[in-house]
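Worksheet: one structure, shown below.
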Amino acid sequence: MKATTSSKTESTLQKSSLDVHTENNKRQHMSTSDTAILSVDMEGSQDGDSDEDTTSGLDGFSGLSPYERKRLKNIAENANFFASLQLSESAARFREMVKKRQPSESKRKKPKKRENGTELRRSMRLLNVDPSGVSLPETPIQPTVVVDENPLLPPGPLEMTPENRDSSELFKGFLQTWEEVSKTSSKNTEKELSSIKSYKAKLDGMVISEDTVCKVTKGSILSMALHPSESRTLVAAGAKSGQVGLWDLTHRPKEDGVYVFQPHSQPVSCLYFSPANPAHILSLSYDGTLRCGDFSKAVFEEVYRNERSSFSSFDFLAEDASTLLVGHWDGSMSLVDRRTPGTSYEKLINSSLRKIRTVHVHPLHRQYFMMAGLSDVHIYDARHLNPKGSQPLISLTEHTKSIASAYFSPLTGNRVVTTCADCKLRIFDSSCISSQIPLLTTIRHNTITGRWLARFQAVWDPKQEDCVIVGSMAHPRQVEIFHETGKWVHCFLSGECLASVCSINAMHPTRYILAGGFCQRTFRLFLHLGNCE
1 MKATTSSKTE STLQKSSLDV HTENNKRQHM STSDTAILSV DMEGSQDGDS DEDTTSGLDG
61 FSGLSPYERK RLKNIAENAN FFASLQLSES AARFREMVKK RQPSESKRKK PKKRENGTEL
121 RRSMRLLNVD PSGVSLPETP IQPTVVVDEN PLLPPGPLEM TPENRDSSEL FKGFLQTWEE
181 VSKTSSKNTE KELSSIKSYK AKLDGMVISE DTVCKVTKGS ILSMALHPSE SRTLVAAGAK
241 SGQVGLWDLT HRPKEDGVYV FQPHSQPVSC LYFSPANPAH ILSLSYDGTL RCGDFSKAVF
301 EEVYRNERSS FSSFDFLAED ASTLLVGHWD GSMSLVDRRT PGTSYEKLIN SSLRKIRTVH
361 VHPLHRQYFM MAGLSDVHIY DARHLNPKGS QPLISLTEHT KSIASAYFSP LTGNRVVTTC
421 ADCKLRIFDS SCISSQIPLL TTIRHNTITG RWLARFQAVW DPKQEDCVIV GSMAHPRQVE
481 IFHETGKWVH CFLSGECLAS VCSINAMHPT RYILAGGFCQ RTFRLFLHLG NCE
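In terms of UniProt numbering, the sequence shown opens at residue 1 and continues consecutively.
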């Protein structure tokens, strides 16, 4: 029995050796040799021989460990399993099915021609044919006319006709009142400043009531002025609609004292009573016109007109109001002499600013004037202006964002206050105008008014030139006053009467009266006045 088994083993080993030799030459027969080796192991184990005796006759596999032989066995079993699944045949059948199901390229079908050859019906109006088939004459094409929303008013003087009044007798009495008050008004003379304590006490006595709130114009307010009269309270306001509204607070009911005029076609950005004749009120507009309302003649005379430019601000270069400085939005400035016939300028000067927002003349040394631009404030000398281009004497470059306004203190001009979009009010020492004026105080104040409100402009109190007045975005709505040192002095609060942001403010030169204008989205104008004396 043992001889038979050994002979069978020898024949098996010879076959295995042949398979191993074939595997080394051709890798595709790996599975066959592995199967033969595994059969040798199984037969050896059945005979009870050890691994060393069984593999002693193997040439190529004598050095294989049991782990490697088991690995080869697993590889063979896995190969047989995947072969039984027939994955390659299934994949081939699936590819053939996909190719058969691919849709053919769709081509757009051509519309079938009508058999009878009749054409489609078309509009006879578009063919310009009448119902009988006769061609109509061609209508000439009318040129499109672009209508200007704000057409310029005709040049020359305009009659002072109120838009909200029909009675001529009432208006004659109104004009007579303004003329008489202007004759008796006193000029603002230089005097000593009150102490902060007494100044605050007088501010505390100012009140606002329903009688001092009134709608004056149709549009939002951009400029304000208080008449310097000591006996009557007369207020003027310039609106975005180009209107100028006048209000006499002595009339009852209060609406009877309101008169509205239309001297401009675009926003009125600057408004002043003449320092030489308070019966004259000068108004400047974006429409490129500067007019003087004369209450004695009941007419708005044209002082300066430039249809190719837009004006932003102006101020009186001479104390008698005979010469004016006009700032343009494009950065140029005009020198206007009212004594010269006509409505043109004497000089047109190119400044070093890209835009001019405000113009203000020094109250004592009137050869110096200041202009606020986009992000700089420049001080010029009117004696050295060059039409081709003028360089400033001093530049205030401390501002980091857009500037809204810059003004000298009203009595001495020793201080300058600027309002900037970086939420700061800055006060400079201008007592000595040299190559540089130092920054004294920086006041943190919210100046971001948004799109629908006029920008805040801090202005000096003409009675107390060391204090500035400015609107506020705080709740409840208020108007605040600060000292030049940066200390808070007073705020005006009045609940329902002061329910909106008061952007534009003006103080009476001698009396404790404050006028403020509301700029809302609804374009309503209210005036708030308080008087303690």
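Even for Gly, the Cβ is constructed at its ideal location relative to N, Cα and C.
Since this is a predicted model, take the numbers as computed values, not measurements.
Where does residue i fall in DSSP's three states?
| i | result |
| --- | --- |
| A515 | strand |
| G238 | strand |
| H384 | helix |
| D429 | strand |
| P137 | coil |
| S223 | strand |
| A298 | coil |
| N505 | strand |
| F456 | coil |
| S405 | strand |
| R69 | helix |
| T418 | strand |
| W329 | coil |
| K172 | helix |
| R101 | helix |
| I448 | coil |
| S312 | strand |
| D320 | coil |
| D461 | strand |
| F526 | Confidence at F526 is low in this model, with a pLDDT of 39, below 50, so its placement is unreliable and no value can be given for it. |
| T177 | helix |
| I208 | coil |
| G389 | coil |
| L353 | coil |
From the DSSP secondary-structure annotation, give me the bridge partner or partners of residue i.
| i | result |
| --- | --- |
| Q436 | None; Q436 has no bridge partner. |
| C497 | DSSP lists no partner for C497. |
| W488 | F482 |
| K347 | L335 |
| A372 | T358 and V377 |
| F94 | According to DSSP, F94 bridges with nothing at all. |
| R232 | According to DSSP, R232 bridges with nothing at all. |
| D248 | L234 |
| E159 | V299 |
Given 6 Å as the limit, tell me if residue i has its C-beta closer than that to any heavy atom belonging to the ligand NAD.
| i | result |
| --- | --- |
| R232 | Ligands displayed in this structure: none; no statement on the ligand NAD is therefore possible. |
Residues in the same chain with beta-carbon distance under 7 Å from residue i, minus the five sequence neighbours each way, listed in chain order, please.
| i | result |
| --- | --- |
| L325 | F314, D315, L317, M333, L335, V359, V361 and F369 |
| K401 | S375, C420, A421 and D422 |
| I379 | Y368, M370, P392, L393, I394 and I433 |
| R165 | F171 and Y259 |
| R444 | C423 and K424 |
| L493 | P476 and Q478 |
Between the options, which lies nearest to residue i when the distance is taken from Cα to Cα?
| i | options | result |
| --- | --- | --- |
| I281 | Y345, H227 and L136 | H227 |
| G450 | S135, A83, S472 and Y67 | S472 |
| L374 | L353, G257 and K424 | L353 |
| P154 | P263, Q176 and P462 | P263 |
| V468 | M124, E480, T447 and R455 | E480 |
| K197 | A382, L493, D381 and W488 | W488 |
| A382 | S409, K347 and C497 | K347 |
| L364 | G413, S168, R291 and D330 | G413 |
| I448 | F82, K254 and A474 | A474 |
Counting only the same chain and skipping the five closest in sequence on each side, list residues whose C-beta sits under 6 Å from that of residue i.
| i | result |
| --- | --- |
| L396 | V377 |
| T442 | K424 and R426 |
| T250 | R232 |
| R366 | none |
| G293 | I281 and F300 |
| D34 | At D34, the pLDDT of 43 sits below 50, so the modelled position is not reliable and the matter cannot be decided from this model. |
| S409 | R415, W460 and E465 |
| A298 | M160 and L175 |
| G495 | none |
Suppose the cutoff is 8 Å on Cβ atoms and the five residues either side in sequence are ignored; what does the same chain contact list for residue i look like?
| i | result |
| --- | --- |
| G288 | L152, R305, N306, E307, R308, S309, S310 and F311 |
| K388 | N350 |
| S435 | L393 and I394 |
| D130 | M124 and L136 |
| L126 | none |
When the distance is taken between beta carbons, is residue j closer than 7 Å to residue i?
| i | j | result |
| --- | --- | --- |
| Q457 | S405 | yes |
| E302 | R415 | no |
| M371 | I394 | no |
| A276 | A237 | no |
| L203 | H490 | yes |
| A515 | V244 | no |
| S296 | Q266 | no |
| S223 | L271 | yes |
| L439 | E398 | yes |
| F273 | A225 | yes |
| T217 | A201 | no |
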